[in-house]
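Read through the structure below, which is laid out as structure tokens, and then see the notes.
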Amino acid sequence: MIVAPGTAAPPAPSPADDPSAVAGAAAGAVGLVIFDCDGVLVDSERIAARVQVELGARFGWPLTEEEVVRRFIGRSNASVREQVAERLGAAAAREWEASFTRLHALAVDAGLSPVEGLPEALDRIPLPTCVASSGSHEKMRHTLGRTGLYERFVGRIHSATEVARGKPAPDLFLYAAARMGVDPAACVVVEDSRPGVEAARAAGMRSLGYAGGLTPAPALAGPGTTVFTDMRDLPALLGVAP
52 MIVAPGTAAP PAPSPADDPS AVAGAAAGAV GLVIFDCDGV LVDSERIAAR
102 VQVELGARFG WPLTEEEVVR RFIGRSNASV REQVAERLGA AAAREWEASF
152 TRLHALAVDA GLSPVEGLPE ALDRIPLPTC VASSGSHEKM RHTLGRTGLY
202 ERFVGRIHSA TEVARGKPAP DLFLYAAARM GVDPAACVVV EDSRPGVEAA
252 RAAGMRSLGY AGGLTPAPAL AGPGTTVFTD MRDLPALLGV AP
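Numbering-wise, our numbering puts 152 at position 101 of the sequence shown, and it's gapless, one number per residue.
Below, the structure written as structure tokens:
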């Protein structure tokens with residue numbers, strides 16, 4: 052489903068039935084599709100939010116899922132660590148991060164799947180692709196490996212640990228485009244977080260905001276972004292013929 056920028060998510064036709072939505076999302080030739088990882092390729096954001104809420108209760112910083120989404124989702128480990136340190140101190144932040152890494156890995160091993168409809172969408176997209184995520188390479192090897200997606204992107208995976216500034220700064224997406232040899236204006240970013248779509252805009256890239264996860268559609272909507280709720284619509288949004 053396509054969601055008009057700045058609105059909630061009412062029923063809408065599929066992109067295949069709405070050529071104007073497709074043109075608005077990916078006008079011009081697409082040279083590279085840049086995928087976020089968590090919440091776009093793998094359905095891990097719910098796991099991450101649950102673990103962060105648990106850690107907040109343990110460390111004395113009560114957090115709701117909505118607060119976790121607003122503060123942490125889509126941001127780098129360094130950003131989360133800085134926020135926790137500001138609230139609870141540097142030692143607590145280090146312990147929080149270590150606990151998150153361990154608990155998140157256990158939860159991933161207990162049950163993680165690709166985002167619904169994503170593998171089928173990938174099968175239909177003939178365009179060059181890569182991954183650019185706030186997560187570490189170790190984390191992505193784990194989550195993508197557990198879901199059978201790692202081999203689809205091996206050699207084309209980029210982490211915020213490789214750049215000076217994480218999302219919402221444009222550094223990671225510009226780095227990924229440069230490594231792939233594609234002009235930023237020819238890139239389309241697939242994201243599920245507000246920092247992610249803001250980073251795409253700052254990089255001069257078009258973006259497709261997936262609102263089928265934790266981040267609500269209005270938080271993703273904005274200039275150069277088409278919001279959608281079903282990964283099966285992704286090929287049409289990229290202008291791929293049925």
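Just so it is clear, CB atoms sit at the ideal spot from N, CA and C, and this is done for glycine as well.
Asked	Found
Straight-line Cα distance separating VAL291 from PRO177	8 Å
Pair within 7 Å by beta-carbon distance, LEU139 and MET231	no
Contained alpha helix (DSSP H) runs [length at least 4] in the segment 185-220, N- to C-terminal order	188-197, 201-204
ALA268, buried or exposed, once every other Cβ within 10 Å from all chains shown has been counted against 16	buried
Span separating the alpha-carbon of LEU285 from that of ALA142	43 Å
Spatially closest choice to ASP174 from LEU157, GLY255, ARG203, by CA coordinates	ARG203
Distance, VAL102 Cα to HIS155 Cα	7 Å
Secondary structure of PHE123, DSSP reduced to three states	coil
For LEU276, the three-state DSSP class (helix, strand or coil)	Checking the sequence shown, residue 276 turns out to be Thr, not Leu. Strand at THR276.
Inter-stretch contact at 8 Å, needing at least 3 Cβ pairs: the segment 209-225 / the segment 104-115	no
Rounded straight-line distance, which links the Cα of ALA136 to that of ALA80	44 Å
C-beta contact flag for ILE124 and SER244 at 7 Å	yes
Boundaries of the alpha helix (DSSP H) in which GLY79 is found, first to last residue	It is not in any alpha helix (DSSP H) - GLY79 carries neither H nor E in the DSSP assignment.
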